[in-house]
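Under my numbering, read the sequence shown as residues 7 to 236, first letter to last.
Structure first, then comments.
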Amino acid sequence: MAKLRISEIFTSVQGEGQWIGVPSVFVRVSGCNLRCVWCDTPYASWHPEGPVREVDDVVAEVQAQGVRHVVVTGGEPMLFEPTVDLVNALQAAGHVITIETAGTVDLPLTPQLFSISPKLSHSAPEGEWHDRHEAARWRPEIIKAMMQRAPVQFKFVVNPDHPSDDWAEIDAMLAQLPPVAPDSVFLMAEGRDTAVLHDRERRLVPEAIRRGWRIAPRLQIDLFGDTKGT
7 MAKLRISEIF
17 TSVQGEGQWI
27 GVPSVFVRVS
37 GCNLRCVWCD
47 TPYASWHPEG
57 PVREVDDVVA
67 EVQAQGVRHV
77 VVTGGEPMLF
87 EPTVDLVNAL
97 QAAGHVITIE
107 TAGTVDLPLT
117 PQLFSISPKL
127 SHSAPEGEWH
137 DRHEAARWRP
147 EIIKAMMQRA
157 PVQFKFVVNP
167 DHPSDDWAEI
177 DAMLAQLPPV
187 APDSVFLMAE
197 GRDTAVLHDR
207 ERRLVPEAIR
217 RGWRIAPRLQ
227 IDLFGDTKGT
């Protein structure tokens, strides 16, 4: 029986990207191959937690919520083979699936949306994880494969205190991929505090307008604060 370590399952509204505000069940898979210095879910990456559960039990809990849209997130859900069983079972039950991923590892899945968040260089931690993180964080060949199978959106975490480096890095990444529609590119301000996020989001607006990209607020933080299960 397929099993996954699950950090949390909760029902809320999608707080980020093109489906913002849509009622959603979130299934957070625990475990990640990256260690972003500003990670907002360290309990699923730096310090993975949660019980190992049978996929059938997870599917039953999701179905009991009565919500069609399911966000499979992490951590990095594409790191684990049983994610295939989970997503296939949910789709067979009629659910619409978004997979949130850094785009660094692939599985044979075709969700309704790949929400891909490539990590920029400022995500790298110091210490023992630095080189491993840097080697893994950008895998354009994997993202290309995902783009061939399903609709995608890109969410880039940026910091307007060093925007020129971030813009150049995003441009270089997108240049290595098939054409990406500007309105599929979302800028997410780095931060976990509402006041800090709002300030940085305001400062990202001119560049978003210039490039035709979109600002991705974090609705869940606006509504509930930086809190698990939201």
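Glycine is no exception: its CB is placed at the ideal position from the N, C-alpha and C atoms.
Start and end residues, beta strand (DSSP E) containing residue i
i	result
M194	191-195
T104	102-107
Nonlocal neighbours in the same chain, by C-beta distance under 8 Å from residue i, ignoring five residues either side
i	result
V93	V78, I103, I105, L115, P117
K150	L183, P184
Three-state secondary structure (DSSP) of residue i
i	result
P29	strand
E132	coil
L113	coil
L10	strand
E82	coil
R41	coil
S123	coil
R34	strand
H139	helix
V68	helix
Candidates the options, of which the one nearest residue i by Cα
i	options	result
L40	I215, H75, K125	K125
C42	A178, W135, V191	W135
M84	L10, D189, L225, G231	L10
P95	E82, G81, D112, E67	Note on residue identity: the sequence assigns Ala, not Pro, to residue 95. Considering only alpha carbons, the answer is E67.
E147	P88, A108, V61, A174	A108
P185	D62, V65, F32, M153	M153
T110	G133, A99, W144, E87	W144
V191	I215, S127, H101	I215
A178	D189, V202, S127, I227	S127
T89	V58, A70, H204, I221	V58
For residue i, the first and last residue of its enclosing alpha helix (DSSP H)
i	result
L92	88-98
V58	Not the alpha helix (DSSP H): V58 falls in the beta strand (DSSP E), residues 58-60.
Minimum Cβ-Cβ distance from residue i to chain D less than 7 Å
i	result
L115	Chain labels in this structure do not include chain D; a single protein chain is all it has.
Close Cβ partners of residue i (< 6 Å) along its chain, the five nearest in sequence each way excluded
i	result
I176	F162
S18	T236
V164	D172, L193
G56	R11, I12, S13, S36
L225	G21, I26
P54	S36, G37
Proximal residues to residue i (C-beta, below 7 Å), its chain only, five neighbours per side dropped
i	result
C45	S51, W52
D167	none
A130	V43, H136, H139, E140
P223	E207
R217	P188
Residue i Cβ short of 6 Å to the ligand ZN heavy atom set
i	result
T110	This structure lacks the ligand ZN, and indeed carries no ligand of any kind.
For the stretch 143-230, list the alpha helix (DSSP H) runs that are entirely contained and at least 4 residues long, ordered along the chain. Along the length of the stretch 143-230, whole alpha helix (DSSP H) runs at least 4 residues long occupy 146-155, 169-181, 200-217, 225-230, reported in chain order.
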